[in-house]
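Numbering (the working numbering), first residue to last: -3 to 262.
Have a look at the structure below before the remarks.
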């Protein structure tokens, strides 16, 4: 039986932990070759072991019989984003799907939010979406002009904070709202090259949400774990597959096995 992403080449940013890790493992389980990107930084974007979480996920994928390579570059720089796209093309000969997921938090109320924390969060979330998307789009445009129109997919990661705003997260909410605008524009511009672009607004247990929403992120003793990040990944895998043909410019909320299409962001 053919798997959903058999032979596709998928890049996932911020894939060393949490949602990104779950997405990378899910794509690999569906037959994709995965480029696992992670900078290895702490929750606030500082310290950490560059590349180590990415290598661990690659080891998991390979142990399960899949194909993957690690990438430890900073995707919020043009050089890092370009090298990420190059890693996919040079290693596997193509790029089919880009999942933008990298991010961190520096929460402050507006009166206490300094410029450095504002800039850092917008840089990793918004610029860290734009630059991989731009470099992937340049590659896909060249492929289309050469007569090799791709069935390419982009899945961006927004948030309920981007849709509705979140107290104490002015920088994060602004970045995540910007990602929704970027998604709409990219879907309109890149469709001519065979590229579909969508966004998700997930709710799941990650390092970020465990700190902010500790009471609701506890792992249950038994039964369905509504906040497990693995609940979100099937949607991401489908959006990143050829099976999602015709779906573009949309925003999907995903939480606890429930998917909601957000009509306000079209």
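Virtual Cβ for every residue (Gly too), placed ideally from N, Cα, C.
Quick caveat, the model's predicted, so the values are computed rather than measured.
query, result
"Identity of the residue in 26, 254, 112 nearest residue 197 by Cα", "254"
"Residue 180 to residue 193 span [Cα, whole Å]", "8 Å"
"Close beta carbons around residue 158, own chain, < 7 Å, minus the five adjacent residues each side", "169, 172, 173, 175, 176, 197"
"Status (buried if at least 16 other CB within 10 Å, exposed otherwise) for residue 134", "exposed"
"Residue 206 in three-state terms, based on DSSP", "Bear in mind that the predicted position of residue 206 carries a pLDDT of just 48, short of 50, making it unreliable; the figure below should be weighed with that in mind. Helix at residue 206."
"For residue 119, the first and last residue of its enclosing alpha helix (DSSP H)", "Where residue 119 is concerned, there is no enclosing alpha helix (DSSP H), given that its DSSP letter is neither H nor E."
"Spatial distance of residue 102 from residue 155 (CA atoms)", "15 Å"
"In DSSP terms, what residue 149 is bridged to", "93, 192"
"N- and C-terminal bounds of the alpha helix (DSSP H) containing residue 179", "166 to 186"
"Three CB pairs or more closer than 8 Å across the segment 115 to 131 and the segment 64 to 79", "yes"
"Whole-angstrom C-beta distance between residue 54 and residue 71, which should lie under 8 Å", "Actually they are not in contact, since the Cβ atoms of residue 71 and residue 54 sit about 17 Å apart, beyond 8 Å."
"Of the residues 14, 30, 17, the one placed nearest residue 2, counting alpha carbons only", "30"
"Extent of the continuous alpha helix (DSSP H) to which residue 232 belongs", "229 to 235"
"Residue burial classification, residue 249 (beta-carbon count within 10 angstroms, cutoff 16)", "buried"
"Residue 111, DSSP secondary structure in three states", "helix"
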